[in-house]
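Positions 15 to 725 (the working numbering) are the ones given, in order, by the sequence shown. Virtual Cβ for every residue (Gly too), placed ideally from N, Cα, C. Small disclaimer: the values here were computed from a predicted structure and weren't measured. One structure is given here, and the rest of the page talks about it.
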Amino acid sequence: MPSAKLIDIPSFASTQLTLLSSELAAEIAETSELVGAHTPTALQRAGLALTNLVVNAQRTGYGGKTVLELGPDSATVTASSSNPQKGGYDGPELPEHGIRTGDIVLVSEQPAGSAKKREVRELEKKGAKGVVTRVGRGMVGVTLDEDKEVENVVGTGGLGGSGRVWMVKLADDVTYRRMNGTMEKLQKMSESERSMFIRVLFGLSSPSLVPADLTNDPEVGSIEWVDPTLNVSQKDAIRFALASREIALIHGPPGTGKTHTLIELILQLLRRDLRVLVCGPSNISVDNIVERLSPHKLPILRLGHPARLLPSVLSHSLDILTTTSDAGAIVKDVRAEMDAKQASIRKTRNGRERRVIYTELKELRKEYRERERRCVSDLVGRSKVVLATLHGAGGYHLKNEEFDVVIIDEASQALEAQCWVPLLWAKKAVLAGDHLQLPPTIKSLNSKAPKGDQPKEKGPTLETTLFDRLLALHGPVIKRMLTTQYRMHEKIMRFPSDELYESKLVAAEHARERLLKDLPYEVEENDDTTEPLVFIDTQGGDFPEKKEEELDNKGSTDKKKVIKRSLHGESKSNEMEAALVRQHVRGLVEAGVRPDDIAVVTPYNAQLSILAPLKDEFPGIELGSVDGFQGREKEAVIVSLVRSNDEGEVGFLGEKRRLNVAMTRPRRSLTVIGDSETVKKGSAFLKRWMEFLEENADLRYPDVSSLAPAS
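Shown next, in the form of structure tokens:
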């Protein structure tokens, strides 16, 4: 065990504040540069905005906030000519766009077509921020975050009038405000206020010892398991988490049932009459746990904006419970009165009458919020398990609430400052994650990821997570690792297990030998469906990479490409390699593999753009970046490495955690397409991977003459 290094808490907090400030500045600068440099129409083509909208309706949402329903201006679009199925839509459709549910957007009057240079601050003065609550073919719902009324946001003509509005994606600074507030509290905390828990997490005290073997421990040895099928390593991790007094890390490599283990842990904690707060860095990580807990009929509460929650968990959200529970009955009448006022605004064109209604709405909103606050306090107080995102745990709902244990899932993908939002007043914590997969994405320049086997840059960085730091501080004595993996064929699992997980991973019996030909529907038996590991080696120089700018030098003036380049930096692509991907996908589909069981992943956004036509040819197939595919799985995964050059440059492909994600997504089939000559030069890790594939995969050398470029 490493000797615990004492950490000065005020200095730590001060450093985090500086790093967070740089990160927020980087995000805001990126947004400001894009919004300021491009027209609304160009931003829409790049997936960052929606233009030519009108306000079709407004109503009262959770927290008394105004919800706008925005649709396309009928003067700028024509009705869909499609023949809708039952329940279909045949009204005016929105143009192609990239706005998604949960996005933070700014809604504002649309500037004239010639208007270009705009500062985000100026836009914010004229418009209002909001959260996208719903996206349909012909409408977008937005909940405004501020008390600005619609008249202030879109002008007097906007509501049912002729005024057009637009919305543009923004950087979300709410998370940063909460992280900063938490770090400031930690910075100012006196020595007498530091609990044993906090002292352990900063190395000022050693964690309480836990016996190596807990099977005969009187407190946790004889557990009545809710799920008796748990494997030995899962049961050991749960016993360890129950026995630990301050901190326990559950290391869950890909496919080892980490979430399944956490569900059993939560149920065991409840049997001990303990109150639990469960958090994660993303809404999907939290919703996955809610879905797994729901069948157990527990009094659980999911905090968070309903727009960002999965439909399957909404019944546990405050938004629903404040209207369906007994406590929620007291707010229904005020909400109904507010909705009536909202509706009456549309019936008058008289400015004075509208102002009177807005004044009445403000008073009703105050009353609504007060009644709702009492209702929420009652609901939160009665919940034995509360679930929220890490920054969501810093909302007013949990102020003064106490929990016996805080569980953080995907802790290795969360900023440390994020984790401290729920941990500041915690007594005990369980962190689950895998520090050998990708850390949180950092945009500020002082936090670049290391390449290959090179050591990390010296000095503090936001990329160092709490999970990382605690392992370095206290060593494996605070950790238990899950070792049985249920996802991958044994041959796919072997390299990451040997290289990254000390050869400790064992494939479960039902996963060890499964192949595409064994899918529960008819699949032809051929070379593609009987081989779990395929390597298509493009060495020889016939499959050269291209920089994204090289594509535009052909004379293209496509603004979408230009904006994408400013969004993604200098990306790389490989047209001939994309053609190989298409050829392999076609072979799998012709053999009977369903497109929705296939994923194509690549580290480069420019390559994704070239691969996009695959979605039209094979509806249901999934295309994604390696970073975006973390936590996901598919029956068949094709990895396009892209890099092929004489210099042996591999860029961020050399990050072994990124490759670990790429190679551990498939269940039955992994196909790697890349230039072994180039990739081998990237790092010692990459050299070993290429050599492993050459010796253990079904090695193939493509015939260039049989290919047509995929673009």
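Three-state secondary structure (DSSP) of residue i
i	result
H265	strand
Y67	In the sequence on display, residue 67 carries Leu and not Tyr. The answer is strand: DSSP assigns L67 an E or B state.
K561	strand
R494	strand
G555	coil
W180	strand
E386	helix
A142	strand
A402	strand
G152	coil
T275	helix
E83	strand
E198	helix
K629	helix
F216	coil
T648	Here residue 648 turns out to be Lys, not Thr, going by the sequence shown. Three-state DSSP puts K648 in a strand.
T189	helix
V727	For residue 727 there is no data in the structure shown, the boundaries of the chain being 15 and 725.
R596	helix
P106	strand
D572	Only weak support exists for where D572 lies, its pLDDT of 45 falling under 50; the coordinates are left without a value.
T147	strand
E477	coil
K441	coil
Q124	coil
D117	coil
L20	coil
Pair within 8 Å by beta-carbon distance, residue i and residue j
i	j	result
I803	A443	Nothing in the structure corresponds to residue 803, since the chain is present only between 15 and 725.
T552	S697	no
L64	L120	no
K143	I118	yes
I506	P680	yes
L317	G395	no
M352	Y372	no
G606	V537	yes
M193	Q427	no
E41	A185	yes
T157	G75	yes
V595	I652	yes
F211	K441	yes
Q451	Q644	yes
V179	V69	yes
C-alpha gap between residue i and residue j, whole angstroms
i	j	result
L31	M197	7 Å
V435	W239	32 Å
A51	S296	30 Å
T475	P454	11 Å
T498	R213	34 Å
R388	Q72	26 Å
K648	G141	42 Å
F509	F706	7 Å
F632	P609	6 Å
A711	E604	22 Å
S511	S517	5 Å
S624	A592	This sequence places Ile at residue 624; Ser is not what is there. Taking the straight line from one Cα to the other gives about 7 Å.
S88	P106	7 Å
K573	V599	Low confidence applies to K573: its pLDDT is 41, below 50, so where it sits in the model is not reliable enough to give any reading.
L62	L228	53 Å
P716	W439	59 Å
E430	T403	14 Å
V693	I612	25 Å
Residues near residue i by beta carbon distance below 8 Å, same chain, minus five either side
i	result
K586	E559, K560, K561, E562, Y618, A620, Q621, V656, R657, G665
D482	S426, H449, P453
L284	V290, L312, K398, V399
Close Cβ partners of residue i (< 6 Å) along its chain, the five nearest in sequence each way excluded
i	result
S95	Residue confidence is low: S95 scores 35 on pLDDT, short of 50, so the model does not pin down where it sits. No coordinate-derived value is stated.
L733	With the chain covering 15 to 725 only, the question about residue 733 has no answer from this structure.
R259	S222
Cβ separation of residue i and residue j, assumed to be a contact under 8 Å, to the nearest whole Å
i	j	result
I13	R714	Since the first residue of the chain shown is 15 and the last is 725, residue 13 is not available in this structure.
V399	L307	7 Å
L729	H449	Since the first and last residues shown for the chain are 15 and 725, residue 729 lies out of range.
L375	K355	5 Å
Neighbourhood of residue i by C-beta, 7 Å cutoff - its chain only, sequence neighbours within 5 removed
i	result
N302	T273
T544	L529, K531
L38	D187, Y190
beta-carbon residue i near the ligand MN non-hydrogen atom, thresh 7 Å
i	result
Y515	The ligand MN is absent from the structure shown, which contains no ligands of any kind.
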